[in-house]
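Chains as they are written, first to last, in our numbering: chain A, 2 to 425; chain B, 2 to 425.
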């Protein structure tokens, strides 16, 4: 498809002038609109104030006083809570603090310094460690592996997840490929959920590296926008079935269920992996905040109650996702200069603009007061090889601000496209 | 001094038989008394329930919504709070989660993987890393350096702190000596506070390793038992004065101010060190629980208010420390088979028994239902070269249980001593 099919040079120039005039008019308003991070809005935060209602009884179901030391891997009811939602056994779960990212960082750090279960040697003792990075992906994942000097290999994504032909070919051949980042459900930012076939192939594929490790960041497992949510196969179960029970470490948290700054998180993996890593964690820490764990379980109760709670979140943010789609369709539809997804859940919309136009679009938006995630951030080292992906995080701004920001963004995307086309 | 001066062999045997009969009588009671860890008791935990009284306003002094993402290094008022108590500037402070131990582990891990400010290379790239370990010391410190393969060198302690002649001689000569663990105030377990001269010498001494790093675990800074507390020089200030501003990282927490499982912690170091390490932390985590930070500062308010709060803790635990001293004096005094300290603060009493008798005493106590910290735990690798140090943690048990446990412990210490003397 050719952009602006049927337009003459003059028409394109006129369109550009018209957009520039709209752009200048927005710019003169001195706006400050932030869509850079996947942050819940204030209305969402207020859904969880019930968390603080019962702060009188601090004894866990097994008699542990949650105020005091003890229970390294978390309180019994917190493990039972996540076990129900994620189909796990309590022995597979370690409850963390307010940051599942920190648990992932710690996993990578432990893999490098001391090695995980089944490692011949720690990754830090190897000449070269490579990771597969489905893209567009999560910038904070890539920042961790970059910090550890990992060579990151971009894996393209389609509507079923990562390109599995490519993944299988790479891991079969290269034993320096030690791991892979995955956001398997409502992926950050493309919103896709890995198909059953992709999950099974990831679980079963032959890897040259015996210590190949998948970091399964199931951050948006229950973050649906609609009544008919995506479904994701149980990766721990699939790995067990495929005879690779120790391949995967799963992570999730309540950051976007209760509070982004003050939720609880967990790591889940095979019992064997868990027993091994707990020996390291017991030296690292006294364990995480058990008062917060108890508050969370008392408030969220169980899977069914949590599902109801998540519907309240969806009711607040669904109109925002729909506003983005509506405005992008109105402004950019039919011109073949942009494509974007309409996710069933998660926190992002992934916008692909003309090759070479993402950075320019984001810069134009920034200058008009609209802050987006840096162009390139969804790729390792911050370098999008096509310079075409832009991550939109629609949840935080009030809907009227969001509408304005997306109006401006679409103008910027179109100006950048026209600049490119007219210069060609 | 000779133990049991003036006793005949027969008298010693009779004494032993008498003690064994008391011991068997206690043993038959099937007791379960735990003095293994420095845990606050339930009455102490209840002092901090005011923390939960105001859970309605979540906006920090600078407008940050503490429920949401942001403020990697902690909220402004938490930094101001610790800055006042510890004579720091806010730029020198990073606020952590519920475990200062975890912050210390992270510091060591970062030193090994990526290096800290001013390091020529990460310690993980070196053939050999050694740490100085003043002993008796904190078992969890030693466990961290053991995990990282550090060679730990025992430094004897006297009433002024570590033996500085030995410390200075070692660090001047050996550039593999990269660090030192210190609990400078109401030391765990000996209760001593480093003298001004010791602090100044630690700050000023010439070290062959340019990246020599002191981990200053100021855990008990405000944990006084009496009205005339020990005083400790400001180590960051002394390091600055001595021209070694980047030598020290200080840690503390509210674990024994509010809740051991759910307090807040901090790390403090020079602005230059802090700027360097924050670049790594920003990749590791989204930051720590800011709701808990805000609750803490609203409850503890400031230095003066916290001092009053700490007096309430002291009123609860002082009688326990005094009961230990009273019973040990009554049972073991004048026999020259044991020595112990009477600390002005902190959480421990350090009991030295006859050489070769600590393990036996702890085993005897265990068999009679009294759990103590393992003998040897106060030394690197769990090996007390003299097998003579026992750590007593008197705060957790109710005073009547504690009295019984110390009665039993003194019987065990005396039996072990008599076994040794009679076998000689």
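Yeah, the Cβ is synthetic: ideal placement off N, Cα and C, and Gly gets one too.
Contacts around residue i, its chain only, beta-carbon distance under 6 Å, and the 5 residues preceding and following it disregarded
i                      : result
residue 112 of chain A : 124
residue 99 of chain B  : 263, 264
residue 319 of chain B : 226
residue 231 of chain A : 194, 345
residue 27 of chain A  : 369, 409
residue 127 of chain A : none
Listed by chain order, chain A residues near residue i by CB distance under 8 Å
i                      : result
residue 41 of chain B  : 69
residue 261 of chain B : 68, 69, 70, 287
residue 148 of chain B : 115, 281, 284
residue 46 of chain B  : 59, 66, 68, 69
residue 38 of chain B  : 70
7 Å CB neighbourhood of residue i in its chain, flanking five on each side removed
i                      : result
residue 70 of chain B  : 287
residue 356 of chain B : 387, 388, 389
residue 46 of chain B  : 260
residue 235 of chain B : 88
residue 80 of chain A  : 91, 94, 96
residue 343 of chain B : 326
Other residues of its chain near residue i: CB distance less than 8 Å, five sequence neighbours each side excluded
i                      : result
residue 38 of chain B  : 374, 394, 397
residue 59 of chain A  : 66, 67, 68, 292, 295
residue 386 of chain B : 155, 380
residue 85 of chain A  : 303, 304
residue 337 of chain B : 2, 3, 4, 5, 6
residue 92 of chain B  : 272, 275
Whole-angstrom distance between residue j and residue i, CA atom to CA atom
i                      : j                      : result
residue 417 of chain B : residue 408 of chain B : 14 Å
residue 313 of chain B : residue 307 of chain B : 10 Å
residue 212 of chain A : residue 9 of chain A   : 58 Å
residue 201 of chain A : residue 141 of chain A : 26 Å
residue 298 of chain A : residue 154 of chain B : 45 Å
residue 328 of chain A : residue 14 of chain A  : 23 Å
residue 106 of chain B : residue 87 of chain B  : 22 Å
residue 108 of chain A : residue 405 of chain B : 45 Å
residue 74 of chain A  : residue 54 of chain A  : 25 Å
residue 18 of chain B  : residue 362 of chain B : 16 Å
residue 11 of chain B  : residue 333 of chain B : 19 Å
residue 40 of chain A  : residue 216 of chain A : 22 Å
residue 51 of chain B  : residue 44 of chain B  : 14 Å
residue 139 of chain B : residue 198 of chain A : 52 Å
Chain B residues whose Cβ lies nearer than 8 Å to that of residue i
i                      : result
residue 103 of chain A : 285, 286, 287
Residues that residue i contacts on chain A, provided the C-beta gap is smaller than 7 Å
i                      : result
residue 144 of chain B : 284
residue 221 of chain B : Within chain A, no residue comes near residue 221 of chain B; the closest Cβ sits about 16 Å away, beyond 7 Å.
Inter-residue CB distance, residue i and residue j (contact presumed, cutoff 8 Å)
i                      : j                      : result
residue 381 of chain A : residue 183 of chain A : Incorrect: roughly 14 Å between the Cβ atoms, too far for contact.
residue 254 of chain B : residue 411 of chain B : At roughly 33 Å, the Cβ-Cβ gap does not stay under 8 Å, so residue 254 of chain B and residue 411 of chain B are not in contact.
residue 180 of chain A : residue 214 of chain A : 5 Å
residue 413 of chain B : residue 388 of chain B : The pair is not a contact, with the Cβ atoms about 14 Å apart (cut-off 8 Å).
residue 189 of chain B : residue 347 of chain B : 7 Å
residue 209 of chain B : residue 164 of chain B : Not quite, the Cβ-Cβ distance comes to about 18 Å (not below 8 Å), so this is no contact.
residue 20 of chain A  : residue 415 of chain A : 6 Å
residue 351 of chain A : residue 191 of chain A : 4 Å
residue 118 of chain A : residue 245 of chain A : About 13 Å separates the two Cβ atoms, so there is no contact after all.
residue 310 of chain B : residue 257 of chain B : 11 Å between Cβ atoms; not a contact.
Contact test: residue i Cβ vs the ligand GTP heavy atom, cutoff 8 Å
i                     : result
residue 77 of chain B : Looking for the ligand GTP in the displayed structure turns up nothing, as the structure carries no ligands at all.
Within chain B, the residues that residue i reaches when beta carbons sit closer than 7 Å
i                      : result
residue 100 of chain A : 286, 287
Closer than 9 Å at the beta carbon, the chain A residues around residue i
i                      : result
residue 56 of chain B  : 50, 52, 53, 54, 56
residue 106 of chain B : 284, 285, 286
(request) Using a Cβ-Cβ cut-off of less than 9 Å, give me the residues of the stretch 291 to 311 of chain A that come near chain B, in sequence order. (result) 291, 292, 293
(request) Using a Cβ-Cβ cut-off of less than 8 Å, give me the residues of the stretch 111 to 138 of chain B that come near chain A, in sequence order. (result) Residues of the stretch 111 to 138 of chain B with a C-beta less than 8 Å from any C-beta of chain A: 113, 114, 115, 125, listed in chain order.
(message) To be precise: take each residue of the stretch 318 to 342 of chain A, compare its Cβ to all Cβ atoms of chain B, and keep it if any distance is under 8 Å. Which residues remain?
(response) none
(message) If the cut-off is 8 Å on Cβ atoms, which residues from the stretch 264 to 275 of chain B count as contacting chain A, listed in chain order?
(response) none
(message) Output needed in chain order: residues of the stretch 183 to 201 of chain B with a Cβ under 7 Å from some Cβ in chain A.
(response) In summary, no residue of the stretch 183 to 201 of chain B has a CB separated from any CB of chain A by less than 7 Å.
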